[in-house]
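Taking it in order: structure first as structure tokens, then the write-up.
Residue numbers (this note's numbering): 184 to 355.
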């Protein structure tokens, strides 16, 4: 045949199915993938590059992006048919060299009314006395609030309205 003499490849005998077995037809220009699978693969590669560069920034402790880091990240990414995202967790190191372990916060139970112990959830009302109350005990007269509202109001008014006093005029 003429193809053997010229070194050209023969056109495929039939359409090529996508290598991801999605049912659509692929082409050599998109690495034998359909357009949707090829687009997804390119998107995953870009996300992997961003993740690698952000991980490098976290490890190195620098917040600026240098051109050298970007080139290294691009060279390190392999072209694969299926790129799976990987999660990397970084443990914060303790600044003190004593080796004390960071204690986790104790698990907080459900929010309850300080008077009737009813569960209040998201609708709990914080009083100025510092306690949490349900809808029926939210007012200060319903839960015997120890906070002195009169003194607080007097102090706020005095602070907002300073006394203005004019200087006395000398009599002639």
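Backbone N, C-alpha and C define an ideal beta-carbon position, used for all residues, glycine too.
Residue state for residue 236 is assigned as helix, using DSSP reduced to three classes. As for any alpha helix (DSSP H) of minimum length 4 sitting wholly inside the region 291-338, there is none. The C-beta separation of residue 312 from residue 328 comes to about 5 Å, placing the pair in contact by the 8 Å criterion. Residue 228 and residue 305 have their C-alpha atoms roughly 42 Å apart.
Taking residue 310 as reference, the option from 302, 296, 301 with the minimal CA-CA separation is 296. With a threshold of 16 other beta carbon atoms within 10 Å, residue 316 meets it and is buried. The three-state secondary structure of residue 216, taken from DSSP, is strand. Contact check for residue 323 and residue 332: beta-carbon distance about 7 Å, within the 8 Å limit, so the pair qualifies. The beta carbon of residue 330 sits closer than 8 Å to those of 310, 311, 312, 323, all from its chain and outside the five residues before and after it, given in chain order.
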